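Q: Residue numbering for the sequence shown follows my numbering, beginning at 29 and increasing consecutively.
The beta carbon of each residue, even a glycine, is placed where N, CA and C say it ideally should be.
None of these values were measured; they are calculated from a predicted model.
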Amino acid sequence: MKRSIPLLLVASTFLTLAACGTESQSNPQSAPTSEKKPAEKTEAPKDNASTPDKNNKVRLPEKKLTYEMEGMKEQKTAFLKTSKNQNYTLYVIDGYDLTEEEPGKDVIAYDENDKLWMRVEVLEKGQDLSDVKANSLETLKAGYGNAKEVTDFSNDKNDIDSVFTGESKTEKGAVYLLKETEDHPALRLTMFAPLETESFEPFLEMARTIQIQ
29 MKRSIPLLLV ASTFLTLAAC GTESQSNPQS APTSEKKPAE KTEAPKDNAS
79 TPDKNNKVRL PEKKLTYEME GMKEQKTAFL KTSKNQNYTL YVIDGYDLTE
129 EEPGKDVIAY DENDKLWMRV EVLEKGQDLS DVKANSLETL KAGYGNAKEV
179 TDFSNDKNDI DSVFTGESKT EKGAVYLLKE TEDHPALRLT MFAPLETESF
229 EPFLEMARTI QIQ
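#1: Given a threshold of 16 other Cβ atoms within 10 Å of its Cβ, counted over all protein chains shown, does M97 qualify as buried or as exposed?
#2: Between the C-alpha atoms of E195 and N141, what's the straight-line distance to the nearest angstrom?
#3: Label L232 either buried or exposed according to how many other C-beta atoms from any shown protein chain fall within 10 Å of its C-beta, with 16 as the threshold for buried.
#4: Considering only residues of the same chain and omitting the five flanking positions on each side of A202, which have a CB-CB separation below 7 Å?
#5: Short of 8 Å in beta carbon distance, which residues of its chain neighbour D4, apart from the five on each side in sequence? Order them along the chain.
#6: Please list, in chain order, all residues of the same chain as R236 whose beta carbon is under 8 Å from its beta carbon, the five residues on each side excluded.
#7: Using three-state DSSP, classify P230 as helix, strand or coil.
#8: By DSSP, does A214 sit in helix, in strand, or in coil?
#9: From N83 to L217, what distance separates their C-alpha atoms?
#10: Mind checking M146: buried by the 16 CB within 10 Å criterion, or exposed?
#11: Helix, strand or coil: how does DSSP classify E140 here?
#12: Measure from the alpha carbon of K91 to the alpha carbon of each residue in E226, V150, Y204 and L108, then state which is nearest.
#13: When burial is assigned at 16 or more other CB atoms within 10 Å of the CB, is A214 buried or exposed?
#14: For V150, which option in L144, V135, P230 and E166 has the closest C-alpha, if you only look at C-alpha atoms?
#15: Between K197 and L144, what straight-line distance do the alpha-carbon atoms span, to the nearest angstrom?
#16: Check each candidate in D189, L223, L118 and Y119 and name the one with the smallest Cα separation from Q155.
#17: Hey, A162 and K169 are a contact pair by Cβ (cut 8 Å); roughly how many whole angstroms apart?
#18: Please list, in chain order, all residues of the same chain as K85 whose beta carbon is under 7 Å from its beta carbon, the five residues on each side excluded.
#19: By Cβ distance, which residues of its chain are closer than 7 Å to E306, with the 5 residues on each side in sequence left out?
#20: Give me, in chain order, the residues of the same chain whose beta-carbon lies closer than 7 Å to that of N113; leave out the 5 immediate sequence neighbours on both sides.
#21: Which residue comes first and which comes last in the beta strand (DSSP E) that contains L108?
#22: Would you give the residue range spanned by the beta strand (DSSP E) that V203 belongs to?
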């Protein structure tokens with residue numbers, strides 16, 4: 029009986045070592061799995077923010093807008109703004125403000141001169157512009173008796189459908205109808221400015237950045 033105890037201890041020790049050996053052989057298989065977890069995480073490409081997506085358009089918080097004034101090209105920083113009124117985003121040049129005028133109409137005004145401003149109306153997709161043209165001319169005539177349609181306007185971007193202008197002794201107004209393109213929806217832009225203002229180009233460039241959300 030005295031010898032049987034050591035034999036049992038030896039047998040027990042052997043079984044314990046064997047079990048430990050079995051665990052040490054199986055554990056190395058699970059270790060690489062946990063080490064691979066960080067590698068399985070995929071990061072979005074760095075340029076995703078500048079790549080619009082058809083289903084979920086992502087736009088940078090600011091960009092440069094270029095337009096021509098007094099025969100020279102100007103480049104200004106513009107900031108991304110949102111119109112909850114008409115459900116779109118656009119870039120507004122520094123020094124201008126976007127406000128909601130009434131349902132279906134927003135206003136972009138120049139900070140340093142509130143007589144220089146533009147009303148923005150997003151037209152319905154596929155809307156017939158013939159009625160919009162007639163209404164635009166009549167509206168402009170109400171403020172300027174000499175309002176007329178202009179046919180010799182510059183259209184480098186091929187997105188202007190019609191232009192109407194009028195003026196008084198101190199100010200001038202214009203209505204631009206922009207066709208729907210891949211870059212922006214159809215728009216009616218009604219602009220007002222002091223008579224000495226040379227161009228509405230800054231307003232046009234801002235409007236061309238409009239994208240429906």
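A: According to the structure shown:
#1: Indexing the sequence shown from 1 puts residue 97 at position 69. When all chains shown are included, M97 counts as exposed.
#2: The residue given as residue 195 occupies position 167 in the sequence shown. The residue given as residue 141 occupies position 113 in the sequence shown. Approximately 18 Å between the Cα atoms of the pair.
#3: Translated into the one-based positions of the sequence shown, residue 232 becomes position 204. Result: buried.
#4: Here residue 202 refers to the residue found at position 174 of the sequence shown. Counting only Cβ-Cβ distances below 7 Å, and skipping sequence neighbours, we find V191, F192, T193, M219 and F228.
#5: Lying outside 29 to 241, the shown extent of the chain, residue 4 is not represented and no answer is given.
#6: As a position in the sequence shown, residue 236 is number 208, starting the count at 1. Around R236: K185, D187, L206, D211 and H212.
#7: On the sequence shown, position 202 is the one that residue 230 refers to. Three-state result, P230: helix.
#8: As a working note, residue 214 is residue 186 in the sequence shown. Coil, per DSSP.
#9: To locate residue 83, count along the sequence shown from 1; it is residue 55. To locate residue 217, count along the sequence shown from 1; it is residue 189. Caution is warranted here: a pLDDT of 45 is assigned to N83, below 50, making its placement in the model unreliable, and no coordinate value can be reported.
#10: Residue mapping note: residue 146 aligns to position 118 of the sequence shown, counting from 1. Buried is the call here.
#11: On the sequence shown, residue 140 is found 112 positions in, with the first residue counted as 1. It is coil, neither helix nor strand.
#12: What you label residue 91 is simply residue 63 of the sequence shown in a count that begins at 1. Out of E226, V150, Y204 and L108, L108 has the C-alpha closest to the C-alpha of K91.
#13: In the sequence shown, counting from the first residue as 1, residue 214 sits at position 186. Buried, by the Cβ-count rule.
#14: Numbered from its first residue, the sequence shown carries residue 150 at position 122. Considering only alpha carbons, the answer is V135.
#15: Within the sequence shown, numbered from 1, the residue matching residue 197 stands at position 169. Within the sequence shown, numbered from 1, the residue matching residue 144 stands at position 116. Near 15 Å, if we compare the C-alpha coordinates of L144 and K197.
#16: As a first step, residue 155 must be located in the sequence shown, where it is residue number 127. Q155 has its Cα closest to that of D189, out of D189, L223, L118 and Y119.
#17: As a first step, residue 162 must be located in the sequence shown, where it is residue number 134. As a first step, residue 169 must be located in the sequence shown, where it is residue number 141. In fact, because the Cβ distance is near 11 Å, the residues do not count as touching under 8 Å.
#18: Along the sequence shown, one-based indexing puts residue 85 at 57. Excluding residues within five positions, the ones whose Cβ falls inside 7 Å are Q239.
#19: Outside the shown range of the chain, which is 29 to 241, sits residue 306, and nothing can be said about it.
#20: Numbered from its first residue, the sequence shown carries residue 113 at position 85. Once the five neighbours on either side are set aside, the close Cβ partners of N113 are E128, P131 and D134.
#21: Along the sequence shown, read from residue 1 onward, the residue named residue 108 stands at position 80. Here the beta strand (DSSP E) through L108 covers M100 to S111.
#22: Residue mapping note: residue 203 aligns to position 175 of the sequence shown, counting from 1. Where V203 is concerned, the enclosing beta strand (DSSP E) stretches over E199 to L206.
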